[in-house]
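*Asks:* Here's a structure for you.
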Amino acid sequence: MSVSESRNVAIVGVGSSMSRSLAIWLASLGWNIALVSRSEKSLSAIADEVRQAQKGKNGKVIYRTADASEPAALKATLDWCVQELGGKLDVLSYNAARVAPSDITEISPEELEQDFKVAAVGTLVAGQWFAAGNARVDRIAEGEYPLFLVTGGNLDKEPEPFVASLSTAKAASQTLSRLFAKVLPEKANILVGMPLIAGALINPMTGEYNEQFHPENIIPKAFKPFFEDRENRRDGKAGWTVERLPPSKRYIQSLLSRIESLERRLADYEGRKERARLGSASSQGTTLANQRDHNLDNNPATLDSVQQLVDLCGGLSLGEGQELRFFDSRSNLAMVAEQLDKRCHDHLLKFSADRSQRPGIGEVEVDRSTQEVLLSVFWKWQNSWQYLVHESA
Numbered sequence: 001m002s003v004s005e006s007r008n009v010a011i012v013g014v015g016s017s018m019s020r021s022l023a024i025w026l027a028s029l030g031w032n033i034a035l036v037s038r039s040e041k042s043l044s045a046i047a048d049e050v051r052q053a054q055k056g057k058n059g060k061v062i063y064r065t066a067d068a069s070e071p072a073a074l075k076a077t078l079d080w081c082v083q084e085l086g087g088k089l090d091v092l093s094y095n096a097a098r099v100a101p102s103d104i105t106e107i108s109p110e111e112l113e114q115d116f117k118v119a120a121v122g123t124l125v126a127g128q129w130f131a132a133g134n135a136r137v138d139r140i141a142e143g144e145y146p147l148f149l150v151t152g153g154n155l156d157k158e159p160e161p162f163v164a165s166l167s168t169a170k171a172a173s174q175t176l177s178r179l180f181a182k183v184l185p186e187k188a189n190i191l192v193g194m195p196l197i198a199g200a201l202i203n204p205m206t207g208e209y210n211e212q213f214h215p216e217n218i219i220p221k222a223f224k225p226f227f228e229d230r231e232n233r234r235d236g237k238a239g240w241t242v243e244r245l246p247p248s249k250r251y252i253q254s255l256l257s258r259i260e261s262l263e264r265r266l267a268d269y270e271g272r273k274e275r276a277r278l279g280s281a282s283s284q285g286t287t288l289a290n291q292r293d294h295n296l297d298n299n300p301a302t303l304d305s306v307q308q309l310v311d312l313c314g315g316l317s318l319g320e321g322q323e324l325r326f327f328d329s330r331s332n333l334a335m336v337a338e339q340l341d342k343r344c345h346d347h348l349l350k351f352s353a354d355r356s357q358r359p360g361i362g363e364v365e366v367d368r369s370t371q372e373v374l375l376s377v378f379w380k381w382q383n384s385w386q387y388l389v390h391e392s393a
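In full-length UniProt numbering, the protein residues as written are 1 to 393.
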């Protein structure tokens with residue numbers, strides 16, 4: 001699925017990692033982008049990067065400093081974003097939070113209160129502002145809904161004592177987001193999404209990004225699906241996914257192991273197939289000689305009677321789910337279990353689609369009760385979608 005170009009987004013809480021990468025990706029799609037953060041210096045540098053990534057000359061990249069912990073200042077800044085971008089927002093992304101160590105035994109009430117205002121109160125103010133007529137809803141008839149995007153993690157479920165303040169504030173922010181997700185779709189036609197980052201972005205030992213949480217990896221895995229899905233709502237708001245968690249390193253490793261196992265099985269199957277082909281080629285002369293002897297002597301005892309019966313009438317094999325199935329000799333599925341050799345293939349080429357015209361098969365009259373017994377056996381062992389047999393047949 002693709003993401004439409006030339007839409008409006010405001011990103012609150014722009015830092016040097018996640019929000020920066022999100023803005024650069026959206027700029028490459030020609031989006032009009034408003035960046036909001038507390039630091040003028042870092043915000044200006046990020047805005048320059050985003051402008052360089054901007055697709056086309058018509059896209060806007062604007063920025064403004066604001067303290068997200070102050071409701072009046074945050075609402076005034078968001079109003080400014082709408083005015084400067086020239087239209088209501090398609091997406092409002094809220095990512096404001098103070099990420100810093102805070103020991104649960106040492107943190108002050110004032111510090112906890114301030115962090116709570118930034119992460120939790122800011123989420124509340126932003127969501128309420130977006131629902132108050134600032135979301136673009138005129139494309140809903142086309143299946144495109146506005147999106148309130150709030151970045152989360154797993155600190156609400158697994159709080160860490162060494163980031164006690166952040167754990168508490170993000171837990172409140174995510175609770176508010178889940179409450180918005182229950183109300184805004186019906187009340188304001190706004191979808192709520194929560195990309196969850198379940199781990200540390202930075203490795204404390206090396207100071208480098210953890211590869212699985214690198215912004216360039218997280219954006220396509222955790223953020224992009226929200227942007228794609230908000231535009232493809234054929235069933236409206238039904239079936240929307242509120243929380244998305246990027247695949248963990250363990251999950252990725254398990255998938256790679258599964259792929260490796262399948263590749264080994266495929267290689268083993270190809271090897272057995274090749275050995276069978278070589279064995280068949282070496283015995284082909286003998287098989288053809290036996291067939292010539294049969295034609296000359298007209299002695300059916302020289303051929304394998306069981307194989308002849310399979311060639312004419314089909315045989316039993318294992319179908320999907322390792323269930324026993326009967327396959328007609330003309331069925332392509334009969335080839336799955338390597339039942340057909342060169343001799344049987346020759347038979348298939350000669351046989352008529354009309355079973356009554358096949359060698360050794362003629363019309364047989366059976367009474368009604370016998371027909372019902374035979375058909376019950378047939379439907380028990382045969383794939384029901386392969387043939388439809390009329391009761392008068």
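Where a beta carbon is used, it is the ideal one built from N, C-alpha and C, also for glycine.
Remember, it's a predicted structure, so these values are computed and weren't measured experimentally.
Do you know how far the Cα of aspartate 138 is from the Cα of alanine 72?
*Replies:* In the sequence shown, the residue the question calls residue 72 occupies position 72. In the sequence shown, the residue the question calls residue 138 occupies position 138. So the alpha carbons of these two residues sit roughly 28 Å apart.
*Asks:* Could you compute how far the alpha carbon of valine 82 sits from the alpha carbon of threonine 105?
*Replies:* For the purposes of this step, residue 82 is taken as residue 82 along the sequence shown, with counting starting at 1. For the purposes of this step, residue 105 is taken as residue 105 along the sequence shown, with counting starting at 1. Going by the C-alpha atoms only, they are around 43 Å apart.
*Asks:* Using only the alpha-carbon positions, how far apart do phenylalanine 116 and lysine 224 sit?
*Replies:* For the purposes of this step, residue 116 is taken as the residue at position 116 of the sequence shown. For the purposes of this step, residue 224 is taken as the residue at position 224 of the sequence shown. For phenylalanine 116 and lysine 224, the distance between alpha carbons rounds to 28 Å.
*Asks:* Alpha carbon to alpha carbon, what distance is there between arginine 136 and leucine 184?
*Replies:* Within the sequence shown, the letter at position 184 stands for residue 184. Within the sequence shown, the letter at position 136 stands for residue 136. Their backbone Cα atoms lie some 13 Å apart in a straight line.
*Asks:* Can you give me the Cβ contacts of leucine 78 inside the same chain, cut-off strictly under 6 Å, excluding the 5 residues immediately before and after it?
*Replies:* The count along the sequence shown starts at 1 and reaches residue 78 at position 78. Around leucine 78: Trp129.
*Asks:* By the three-class DSSP mapping on this structure, what secondary structure does alanine 100 have?
*Replies:* Position 100 of the sequence shown holds residue 100. Residue state, collapsed to three classes: coil.
*Asks:* Which class does glutamine 136 belong to by DSSP, given the choice of helix, strand or coil?
*Replies:* The count along the sequence shown starts at 1 and reaches residue 136 at position 136. Residue 136 is actually arginine in this sequence, not glutamine. Coil.
*Asks:* Between Asp90, Tyr145, Tyr94 and Glu231, which lies nearest to lysine 170 when the distance is taken from Cα to Cα?
*Replies:* Mapped onto the sequence shown, residue 170 falls at position 170. Comparing Cα positions, the closest option is Tyr94.
*Asks:* For isoleucine 202, count the other beta carbons within 10 Å of its own beta carbon; 16 or more makes it buried, fewer makes it exposed. Which is it?
*Replies:* On the sequence shown, position 202 is the one that residue 202 refers to. At isoleucine 202 the pLDDT is 48, less than 50, meaning the model places this residue with poor confidence; the figure from the coordinates comes in the next sentence. Result: exposed.
*Asks:* Return the CA-CA distance between serine 6 and isoleucine 190, expressed in angstroms with no decimal places.
*Replies:* In the sequence shown, the residue the question calls residue 6 occupies position 6. In the sequence shown, the residue the question calls residue 190 occupies position 190. The alpha-carbon atoms of serine 6 and isoleucine 190 are separated by roughly 19 Å.
*Asks:* With burial defined as no fewer than 16 other Cβ atoms inside 10 Å of the residue's Cβ, what is the status of threonine 241: buried or exposed?
*Replies:* One-based indexing of the sequence shown puts residue 241 at position 241. So threonine 241 counts as exposed.
*Asks:* Counting Cβ pairs, one atom from each stretch, are 3 or more of them under 8 Å apart for the region 30–47 and the region 55–71?
*Replies:* The region 30–47, when compared against the region 55–71, does touch it at the 8 Å Cβ threshold.
*Asks:* So the beta strand (DSSP E) proline 159 belongs to, where does it begin and stop?
*Replies:* Numbered from 1 along the sequence shown, position 159 holds the residue referred to as residue 159. Per DSSP, proline 159 belongs to no beta strand (DSSP E) and is neither H nor E.
*Asks:* Classify asparagine 232 as buried or exposed, calling it buried when 16 or more other Cβ atoms lie within 10 Å of its own Cβ.
*Replies:* Working through the sequence shown from its first residue, we reach residue 232 at position 232. Per the 10 Å Cβ criterion, exposed.
*Asks:* Would you check if the region 50–57 and the region 26–34 touch, i.e. whether three or more CB-CB distances between them fall below 8 Å?
*Replies:* Yes, since at least three Cβ pairs between the region 26–34 and the region 50–57 fall closer than 8 Å, the two stretches touch.
*Asks:* For alanine 119, which option in Arg98, Gly133 and Gly15 has the closest C-alpha, if you only look at C-alpha atoms?
*Replies:* For the purposes of this step, residue 119 is identified with residue 119 of the sequence shown, where counting begins at 1. Of the listed residues, the one whose Cα sits closest to alanine 119 is Arg98.
*Asks:* Beta strand (DSSP E) containing proline 195: first to last residue?
*Replies:* Numbered from its first residue, the sequence shown carries residue 195 at position 195. Counting along the chain, the beta strand (DSSP E) containing proline 195 begins and ends at 191–197.
*Asks:* Work out the CA separation of threonine 370 and serine 376 for me, nearest whole Å.
*Replies:* For the purposes of this step, residue 376 is taken as the residue at position 376 of the sequence shown. For the purposes of this step, residue 370 is taken as the residue at position 370 of the sequence shown. Taking the straight line joining both Cα atoms gives about 10 Å.
*Asks:* Answer yes or no: do serine 16 and serine 44 have a C-beta to C-beta separation smaller than 8 Å?
*Replies:* As a first step, residue 16 must be located in the sequence shown, where it is residue number 16. As a first step, residue 44 must be located in the sequence shown, where it is residue number 44. Against a cut-off of 8 Å, the Cβ pair of serine 44 and serine 16 comes out as no contact.
*Asks:* Taking C-beta to C-beta, are serine 165 and leucine 112 nearer than 8 Å?
*Replies:* In the sequence shown, the residue the question calls residue 165 occupies position 165. In the sequence shown, the residue the question calls residue 112 occupies position 112. The answer is yes: Cβ separation under 8 Å.
*Asks:* Hey, would you say isoleucine 218 sits closer than 8 Å to tryptophan 25, going by beta carbons?
*Replies:* Numbered from its first residue, the sequence shown carries residue 218 at position 218. Numbered from its first residue, the sequence shown carries residue 25 at position 25. For isoleucine 218 and tryptophan 25, no; Cβs fall outside 8 Å.
*Asks:* My output table needs one value for leucine 149: the three-state DSSP class, helix, strand or coil.
*Replies:* As a position in the sequence shown, residue 149 is number 149, starting the count at 1. Of the three classes helix, strand and coil, the one that applies to leucine 149 here is strand, per DSSP.
*Asks:* Do you know offhand how far glutamate 228's Cα is from glycine 279's?
*Replies:* The sequence position of residue 228 within the sequence shown is 228, counting from 1. The sequence position of residue 279 within the sequence shown is 279, counting from 1. Glutamate 228 and glycine 279: Cα-Cα distance of roughly 53 Å.
*Asks:* Please report the distance separating the alpha-carbon of asparagine 8 from that of serine 257.
*Replies:* Here the question's residue 8 lines up with position 8 in the sequence shown. Here the question's residue 257 lines up with position 257 in the sequence shown. Rounded to the nearest angstrom, the two C-alpha atoms are 42 Å apart.
*Asks:* Could you check whether leucine 176 and leucine 124 sit closer than 8 Å to each other, using their CB atoms as the reference points?
*Replies:* Taking the sequence shown and counting its residues from 1, the one referred to as residue 124 is at position 124. Taking the sequence shown and counting its residues from 1, the one referred to as residue 176 is at position 176. Contact flag set, yes.
*Asks:* So what does DSSP say about valine 14, is it helix, strand or coil?
*Replies:* Translated into the one-based positions of the sequence shown, residue 14 becomes position 14. In this structure, valine 14 counts as coil in the three-state DSSP scheme.
*Asks:* Looking at the unbroken alpha helix (DSSP H) that takes in arginine 64, where does it start and where does it end?
*Replies:* Within the sequence shown, numbered from 1, the residue matching residue 64 stands at position 64. It is not in any alpha helix (DSSP H) - arginine 64 instead sits in the beta strand (DSSP E) that spans 61–65.
*Asks:* Along the chain, where does the alpha helix (DSSP H) containing alanine 45 start, and where does it finish?
*Replies:* In the sequence shown, the residue the question calls residue 45 occupies position 45. Per DSSP, alanine 45 belongs to the alpha helix (DSSP H) from 40–53.
*Asks:* Might you give, ordered along the chain, the residues of its own chain that have their beta carbon closer than 7 Å to the beta carbon of alanine 181, omitting 5 neighbours on each side?
*Replies:* Here residue 181 corresponds to residue number 181 of the sequence shown, with the count starting at 1. Excluding positions up to five away in sequence, the list reads Val192 and Val242.
*Asks:* With a threshold of 8 Å on Cβ separation, who are the neighbours of alanine 289 within its own chain once the five nearest residues in sequence on each side are excluded?
*Replies:* Locating residue 289 in the sequence shown gives position 289, counting from the first residue. Note that alanine 289 scores 49 on pLDDT, short of 50, meaning its location in the model is unreliable; the coordinates nonetheless yield the value given after this. Contacts found: none.
*Asks:* So which of Glu160, Glu84, Ala76 and Asp156 has the shortest CA-CA distance to alanine 100?
*Replies:* Position 100 of the sequence shown holds residue 100. Checking every option, the nearest Cα to that of alanine 100 belongs to Glu160.
*Asks:* Once the 5 residues before and after arginine 234 are set aside, which same chain residues still bring their CB inside 8 Å of it?
*Replies:* In the sequence shown, the residue the question calls residue 234 occupies position 234. Result list for arginine 234: Gly143, in chain order.
*Asks:* Can you look up glutamate 243 in the DSSP assignment and give me helix, strand or coil?
*Replies:* The sequence position of residue 243 within the sequence shown is 243, counting from 1. It is a strand residue.
*Asks:* Using DSSP with H/G/I as helix, E/B as strand and the rest coil, what is alanine 238?
*Replies:* Within the sequence shown, residue 238 is the residue found at index 238, counting from 1. DSSP places alanine 238 in coil when its eight states are reduced to three.
*Asks:* For valine 50 and isoleucine 33, which I take to be in contact (beta-carbon distance under 8 Å), what is that distance rounded to the nearest angstrom?
*Replies:* As a first step, residue 50 is located in the sequence shown; it is residue number 50 there, counting from the start. As a first step, residue 33 is located in the sequence shown; it is residue number 33 there, counting from the start. With a Cβ gap of about 6 Å, valine 50 and isoleucine 33 count as contacting.
*Asks:* Compare the beta carbon distance of leucine 85 and asparagine 154 with 8 Å and say whether it is the shorter of the two.
*Replies:* To locate residue 85, count along the sequence shown from 1; it is residue 85. To locate residue 154, count along the sequence shown from 1; it is residue 154. Their beta carbons are not under 8 Å apart, which means leucine 85 does not touch asparagine 154 by this criterion.
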